[in-house]
Structures are given as C-alpha cells and as structure tokens.
Amino acid sequence: MTMRRYYSLIVLLFVCNFAIAEEPETSPNGSWWSTLGDGFSYRIQGLIYGIARNPQDSLLNPDNALGISRYQGTGELRPDLGFAYENLTLAIKPRFNVTWERWEDGPLDGATDTDEEAFINEWMARLRLGQQVFLSYGRENLQWGPSFLLSPSNPFNPSNGRNNPWLEEPGLDYGKAIWVINSTWTTSLIANTGEGRLDLFEDFRNTYATKVDYTGDGHYGSIILSHRESGPTRFGLFAGVTVSDAVLLHIEGSVDDESESNLLVGGTYTLDNGSTLALEYYHNSAGCNNQEIRTCFFPFADTSPDLSLFRRNYGLVQYFNNAFITNDLELILRGILNFDDGSNLLVTQLTYELNDYSELFTVAEWATGAAEDEFGALSEYSIMGGLSLSY
Amino acid sequence: MFNNARWHWLLLLVITITPTQLYATSVTTMTSKEVLTEADEARGNLSGVEWELHMQTDDSKGEKEMTLQVQARGFDVATTTLKPARSRGNRLLMFKDNMWFYKPGLSKPVPISKRQKLIGTASYGDVATTNYANDYVSISLGEEQVDGVPCLVYDLKATHSKATYDQIKYWVDKDRLVGIKAEYFTVSGQKFKSARMEYDNQVQRDGERKPFISRIVIQGELLKNENTVLTFSDPVLRHIPDHTFNLDLIAQ
C-alpha cells in the first residue's frame, strides 16, 4: 500500500468514526442572514517599506552574480478574509505587491526595475465533524514548536521567519485531519502535497506526517513521524516545561533513518519589568563545516543544506521588551552566533505604535563575518524601515 | 407562661435574628478554601464563560488601550484581540499552566510566561481566572472593613512556583464572598502592586444569580502613577469545547 493510500484510508476512518458523533451547537439568536453576516471576518494590512543593503563581492556571490539589489522600495496590500458558518471555516489571504529595485553592483550596476505581483499566499477550507475532528485542505504556513531560531522538528519548512516578522513566510499546500481526542491529547495526519510559494533547492516531493500532541499541567510535548516520497523517514519531537512564572525551558529536534539528526535546547527568563531574555543552542549533524561557505552548496557539496541555517552549531541570544521607554515602543534584539566559522548575525527590530491603526517599524541586520563565512557572504548589512496600516 | 405581648416580641426577635444567624453560621463554618473557591468562581472559574475585556493603562510610559474577547473554562483562557485594529486577531492561549501568544503575520505561536506584561502593570497572568483556592495556602488574618464592607482577610502563599504571584494579601467580601481587594508581594516580601475588584455583572450559577467580576483596577506600588483598569462586560455562560484551547487550531 502506498503512503498516499494509507493516509487516505486513515482519513476515511476518521470521518466515518466521528461524523456520527456530531453534537448540534446551540444556534445563535437572530435571522439566518444576520448569522451568515456575523460569520465574516477581515483584517486588512497595508505596508510601505524601503530596504537598503550592501551586497558582498564574495566566492558565494562573485561580482553580485546572485543579482542582489542595493535599494528596494515595496508596497504590499495584505487582506486576510475569513468566513465561518456552523461547521465550515473558509479563509483566504491574497497578496498584492509592487516592488521597485535599484542595483549598484555587478552586471546590473545602474539598472532599475519595477515588478507587480498578485498571488494567494494562504487559503484554507476546514470542516469540523462533531467537536473533535477537523478536516482541512489549503495553502498555509504551517508552523509549530517553541523554538525561536528555527523549528527543527518541522519536516515541511523549518524556517520560522523570526529574523524579520514583517516579511511573510510562504504558504505550502497541505491536507490535514486533526482529532482533538480530549483536553490532553491531539493527533494529526498531515499531507504536504505541493511546495506552494516556497522556493526549494531541489524538486518537490510529497511528505506525509503523523503528529501526536500532549498537554499536561505546566508541560507539553509532541512527536512527529514523517516520510518524504523517495526520501528519508524522520522522527521529530518538541517539548516544553513551565519551571516558574518567569522561566520556561524547551527542546526540539529530529532524527532520520539516514542517521542525520538535529537538536535545539533553549529557555526564556522574564524579568520583573516584563522584558524577556531567550537563549538557545542548535546542533545539526548534517550541517556543513567546510572552511568556505561556498563549498557547502552544489556542485561542491552532494547534500542539500538546511533551508535556513547551513552550519552545524549555533547559539541564539534574544531580548524582548514590548514597552521599551514608552508603552508604544517594542524592541527585539537578536544575536545568532555561528560557532563553526565565528560569524554572527545581529538583528534589531523596533516597532512604534503611532495610533490604533498604524505602526512605524525598522529591522536592521548586521553580519559580522568575512566573505567566506555564512553571515557575511551575501550582505554585510541591511536596513529596512516602513509604515504599517491596519484596518 | 407568656402573654400575647411577650409572644409578639419573641416572634419579632426570631424573624429579625434567624436569617442573619443562619447566614453567619454558613460563612463561619466555611473553611478558608471554600471561601476562596467561591471567590475564585466570581472571577470566571466556571465550566464555560465568554466576555469582553477592555484594558486601559496610564503610567509613566504613556496611555494604552486594548479590547479582548475572552473565552474561559475553569482556569483555561483563550483571548482574541478586537481592538486596536493594528492588533486585531492577536490570540492568547492559557491552557493547563502553559501560555502561548499568536500574532497574525508572525509565523507561529510563541510560548510566553505569566510574568510577561500584556499592558501596563497587568501581566498575562492577570487576564487568567484566579485559582487562589488551589495555587495558594491561606492563613486567616481575621476580619477588616474595606470602605465600610466587612471582609475576611487572608494571607496567601504560593504552593508552587508556577503561580503568578508569590504572596497575596486578599480581602473577601464577607456577605457576597467575592474578593474586593488584593495586595501582591515579591518573594522578598516587598509589595509591588495592588488591585481593587468590583462585581456589577451577574451570572446564573447553581440555580441563582450570582455576582461576577466587572472591573479590576491595578495600581503599581513602586511608581504610584501606574494604573491599569480592566473592565469585564457582557458575560455569557456557554459550553466551551476542548478545541477552543487547541494549539493546532489557534492560527487562522
């Protein structure tokens, strides 16, 4: 039996087993039409931002062969639309972007370009059967786990986009069946059927996963068994514990049947003033420890590097304060330390709330490494600043 | 033995005294834990309740407002930010002493601690329903009046490190069995904030209308001008299913 047929059978069993357990929900007061109207929800965000960066002339990007622009100006319209009626939930997140870029390095020196793009980053149709089973299909940015640096237990996309929260992570195509067994246990069957908006180094192959979640008093944990077609079978896990009102600890990792493994351990401490410090260490046995970062990539390497971090050993230090100087200013300082080549990436995120609808934001990244190191091979710094409007 | 006038006086005495005596007996025979359990239930410790929570802070770092829709069951809470528009859809999940925060646009829910500040002097733990009856060991400090209201006073010490506060001095209205004043202390015994609670809402519980939390004013003690007001409105009792608190379903 193929994995696809196996999952189809299990989903069918889910449906048959729990459709009969349907409990009618109390109908809200009001007419059918007003009930329908109440089901609509929306959140519309408009972003205008500029980015300045300095592409490095390195062995990984000789004479800016990757075509990294020096300046960029972007306008984005991000409507999030939802509709819920009885057991059905629909959601769609179309995106409309206009981007202007100017190059001052390499063959494109002096060139400018404007590009318009319209696409659907995420959409989802979800059906609830009874109070326990949820079936869904759509394109979504599926993330889990407590880690800040990346999510090594996630077999679909370990990158969590935390370095720059203003840039959206791409949605991938998933079919899911979630069974909320009780308040302690949940199990999910997940089929990743398309790469969606994600750019991959290699050809996309379907991945299937079974995820079991446990939630106890002050602790939680999940295990994930996954298989990629014509690829490895992988066992992943994450867990966390609330040590006190201020201290949280977590662990996350995975191992596959080709003996490649990764592990992340970390914790957070919240100070009396509410600001929070986070520390993490990450080890990836499949990471590249070659001297030059260029040789970690094809054709010099025969394995595909991790999608977000390429070396073996990393540390993360993060400081977060959502009322820095004033109640309207949020600060995140983030340092990613590469223990293998000694390069570091320092990130400062500032968000200032102008009023109920608008925020000013800036994200500054500074790579301390040399041209042959991971953090420094493409760009020494980048500064992003912009305005967000929400309605 | 008794003439008519004496019977009338005796009857009047019985009518006047009996309800008070019976009530006094019921309160005085209650254990501290039973009193605290009653007081907890007026703060949302129910099988399922939904309400809207408006939060307003005014301190040395400026003013800020926020409105949340809150779903609570027992000591588990799920909130969705309604206002301001820039924060709409932010979600907070407090489930079995685990807390998670999700922001649309951020890629995933992140674990947070009870001590992290939600707004002004209010921590995330302040939005949660109280569990003083089980999270704290209580010592009765006798009775005091707060603004003319007779109160039972308790010194509460946390029984485990996951409780939001290490030590609390708690005043419970003797008649209504609701907590109306609290002072919060650090491990070293320093008072760092205090709160006054009002119960103008009502819910149907155990077959009768009972008072329910309507307003909490939190005052910072270190900086006297720190002031956060939590206003609870429109409480509605309804069954909250398990999936409301499921992390896999929190992201929309």
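Those sequence lines, one after another, are chains A and B.
When you line the first sequence up against our numbering, it's residues 14 to 404, in that order.
When you line the second sequence up against our numbering, it's residues 89 to 340, in that order.
C-beta: ideal position from N, C-alpha, C; glycine also.
Beta bridge counterpart(s) of residue i as assigned by DSSP
i                      : result
residue 252 of chain B : Answer is none; residue 252 of chain B lacks a bridge partner.
residue 113 of chain A : A/86, A/127
residue 59 of chain A  : A/90, A/402
residue 259 of chain B : B/241, B/269
residue 136 of chain A : A/105, A/152
residue 139 of chain B : B/158
residue 233 of chain B : B/238
residue 97 of chain A  : A/102
residue 146 of chain B : B/151, B/315
Run of the beta strand (DSSP E) containing residue i, from where it starts to where it stops
i                      : result
residue 49 of chain A  : Careful: residue 49 of chain A lies outside any beta strand (DSSP E), inside the alpha helix (DSSP H) at 45-51.
residue 366 of chain A : 357-366
residue 327 of chain B : Per DSSP, residue 327 of chain B belongs to no beta strand (DSSP E) and is neither H nor E.
residue 297 of chain A : 289-297
residue 299 of chain B : 296-300
residue 341 of chain A : Here residue 341 of chain A belongs to no beta strand (DSSP E), and DSSP marks it neither H nor E.
residue 292 of chain B : 289-293
residue 269 of chain A : 260-269
residue 308 of chain A : Run containing residue 308 of chain A: none; DSSP gives neither H nor E here.
residue 171 of chain B : 164-171
residue 117 of chain B : Careful: residue 117 of chain B lies outside any beta strand (DSSP E) and carries neither H nor E.
residue 206 of chain A : 198-207
residue 303 of chain B : 303-308
residue 243 of chain A : Here residue 243 of chain A belongs to no beta strand (DSSP E), and DSSP marks it neither H nor E.
Cα-Cα separation, residue i to residue j
i                      : j                      : result
residue 393 of chain A : residue 83 of chain A  : 12 Å
residue 93 of chain A  : residue 403 of chain A : 11 Å
residue 112 of chain B : residue 283 of chain B : Low local confidence applies: a pLDDT of 45 at residue 112 of chain B is under 50, so the model's placement there is unreliable, and no value is given.
residue 175 of chain B : residue 243 of chain A : 43 Å
residue 102 of chain A : residue 142 of chain A : 12 Å
residue 220 of chain B : residue 395 of chain A : 50 Å
residue 298 of chain B : residue 141 of chain B : 19 Å
residue 246 of chain A : residue 222 of chain A : 10 Å
residue 353 of chain A : residue 322 of chain A : 12 Å
residue 235 of chain B : residue 135 of chain B : 32 Å
residue 238 of chain B : residue 339 of chain A : 40 Å
residue 81 of chain A  : residue 68 of chain A  : 6 Å
residue 100 of chain B : residue 261 of chain B : Legend: pLDDT at residue 100 of chain B = 49, less than 50; position of this residue unreliable, value from coordinates given subsequently. Distance between the alpha carbons of residue 100 of chain B and residue 261 of chain B: 28 Å.
residue 331 of chain B : residue 303 of chain A : 47 Å
residue 258 of chain B : residue 212 of chain B : 20 Å
residue 152 of chain B : residue 373 of chain A : 17 Å
residue 148 of chain B : residue 278 of chain B : 21 Å
residue 319 of chain B : residue 327 of chain A : 45 Å
residue 178 of chain A : residue 106 of chain A : 17 Å
residue 399 of chain A : residue 128 of chain A : 19 Å
residue 345 of chain A : residue 289 of chain A : 10 Å
residue 200 of chain B : residue 168 of chain B : 16 Å
residue 180 of chain B : residue 364 of chain A : 20 Å
residue 123 of chain A : residue 74 of chain A  : 18 Å
residue 338 of chain B : residue 263 of chain A : 20 Å
residue 356 of chain A : residue 77 of chain A  : 20 Å
residue 12 of chain A  : residue 99 of chain A  : Chain A is shown from 14 up to 404; residue 12 of chain A falls before or after that span and cannot be answered.
residue 13 of chain A  : residue 126 of chain B : There is no way to answer for residue 13 of chain A, as the model of chain A reaches only from 14 to 404.
Enclosing alpha helix (DSSP H) for residue i [first to last residue]
i                      : result
residue 202 of chain B : Run containing residue 202 of chain B: none; DSSP gives neither H nor E here.
residue 121 of chain B : 120-129
residue 223 of chain B : 220-223
Inter-residue CB distance, residue i and residue j (contact presumed, cutoff 8 Å)
i                      : j                      : result
residue 280 of chain B : residue 314 of chain B : 10 Å between Cβ atoms; not a contact.
residue 359 of chain A : residue 375 of chain A : 14 Å between Cβ atoms; not a contact.
residue 153 of chain A : residue 184 of chain A : 5 Å
beta-carbon residue i near the ligand NAD non-hydrogen atom, thresh 7 Å
i                      : result
residue 141 of chain B : Within the structure as shown, the ligand NAD is missing, as the structure has no ligands at all.
Pick from the options that is closest to residue i, judged by C-alpha positions
i                      : options                    : result
residue 117 of chain A : A/389, A/85, A/375         : A/85
residue 240 of chain A : A/130, A/203, A/163        : A/203
residue 71 of chain A  : A/399, A/390, A/398        : A/390
residue 144 of chain B : B/196, B/137, B/197, B/215 : B/215
residue 305 of chain B : B/207, B/183, B/126, B/188 : B/207
residue 241 of chain B : B/271, B/254, B/212, B/317 : B/271
residue 186 of chain A : A/200, A/133, A/193, A/398 : A/133
residue 198 of chain A : A/220, A/227, A/171, A/324 : A/227
residue 254 of chain A : B/177, B/149, B/202        : B/202
residue 237 of chain A : A/229, A/251, A/230        : A/251
residue 225 of chain A : B/335, B/199, B/316        : B/335
residue 163 of chain A : B/252, B/225, B/253, B/197 : B/197
residue 157 of chain B : B/324, B/339, B/295, B/337 : B/324
residue 293 of chain B : B/186, B/178, B/130, B/273 : B/130
residue 225 of chain B : B/291, B/232, B/245, B/233 : B/245
residue 61 of chain A  : A/259, A/261, A/89, A/377  : A/89
If the cut-off is 8 Å on Cβ atoms, which residues from the region 335-352 of chain A count as contacting chain E, listed in chain order?
Judged by its chain identifiers, the structure shown contains no chain E, and its protein chains are A and B.
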